[in-house]
Amino acid sequence: GKILLINGPNLNLLGQRQPEIYGSETLDDIVASCTALGAELGLDVHARQSNHEGVLVDWIQEARGVAAGIIINPAALSHTSVAILDALKMFEGPVMEVHISNIHKRERFRHHSYVSARAEGVIAGFGTDGYGFALRRIKTLLA
Ligand code: DQA
């Protein structure tokens, strides 16, 4: 199956961006390890990143009938975007939400995510390992 891995705003700068919070791994590192793990699990991981809400909505719409599951870190848009939630509601497969940091330990405005209402699972605070956990969980849900 094909799995869409979506990363939202500012995650293109992972590695440089507040490394004390987000760690030293780059987005390329995450994509490489998810692609390798996917190959092990028999899942074809397609990774995309955008800083633009509408672009993310377009990709989620295009995944309908094409991808078996979606792993998404909506980044700051988690806390604001009803549009991403609504797009995910039209996708038929499992959705896993990933946050690198523990959003519940941070500012109040990060405690709520609109996307969580559509996610089978939410992973927060496991660093970049969270993406691999999400992929393994999707494999289980699809089996
Ligand atoms: C994040 C947490 C969000 O609050 C923040 O805006 C991000 C990244 C995380 O992965 O920990 O950009 O989603």
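To get the UniProt record's numbering, take the position in the sequence shown, counting from 1, and add 1. Where is the CB? At the ideal position from N, CA and C, for every residue including glycine.
Residue i CB to nearest heavy atom of the ligand DQA below 7 Å
{"i": "N11", "result": "yes"}
Endpoints, alpha helix (DSSP H) assigned at residue i
{"i": "S49", "result": "Note on residue identity: the sequence assigns Arg, not Ser, to residue 49. Here R49 belongs to no alpha helix (DSSP H); instead the beta strand (DSSP E) covers 45-50."}
{"i": "A135", "result": "130-143"}
{"i": "L89", "result": "83-90"}
{"i": "G55", "result": "54-63"}
{"i": "P10", "result": "Taken as a continuous stretch (DSSP letters only), P10 belongs to no alpha helix (DSSP H), as it is neither H nor E."}
{"i": "E21", "result": "20-23"}
Residues that DSSP places opposite residue i in a beta bridge
{"i": "K3", "result": "D45"}
{"i": "E121", "result": "For E121, which the question treats as bridged, DSSP gives no partner whatsoever."}
{"i": "V99", "result": "I124"}
Delimiting residues of the beta strand (DSSP E) encompassing residue i
{"i": "E93", "result": "From DSSP, E93 is part of no beta strand (DSSP E); its letter is neither H nor E."}
{"i": "I104", "result": "Premise fails: I104 is in no beta strand (DSSP E) and is neither H nor E."}
{"i": "N74", "result": "70-74"}
Original post:
Counting by C-beta, which residues lie closer than 6 Å to a heavy atom of the ligand DQA, in chain order?
Top reply: N11, N74, A76, A77, S79, H100, I101, S102, I104, R111
**OP:** Determine contact between the segment 99-113 and the segment 125-132, defined as no fewer than three beta-carbon pairs at a distance below 8 Å.
**Re:** yes
Original post:
Contact between the segment 37-56 and the segment 76-89: three or more CB pairs below 8 Å?
Top reply: In short, these stretches touch, since the Cβ pair count reaches three.
Original post:
Using 8 Å as the threshold, is the segment 31-45 in touch with the segment 105-114, meaning 3 or more CB pairs across them?
Top reply: Segment contact: the segment 31-45 against the segment 105-114, fewer than three CB-CB distances shorter than 8 Å; contact not assigned.
Original post:
Is it a yes or a no for the segment 15-28 touching the segment 113-123, going by three-plus beta-carbon pairs under 8 Å?
Top reply: no
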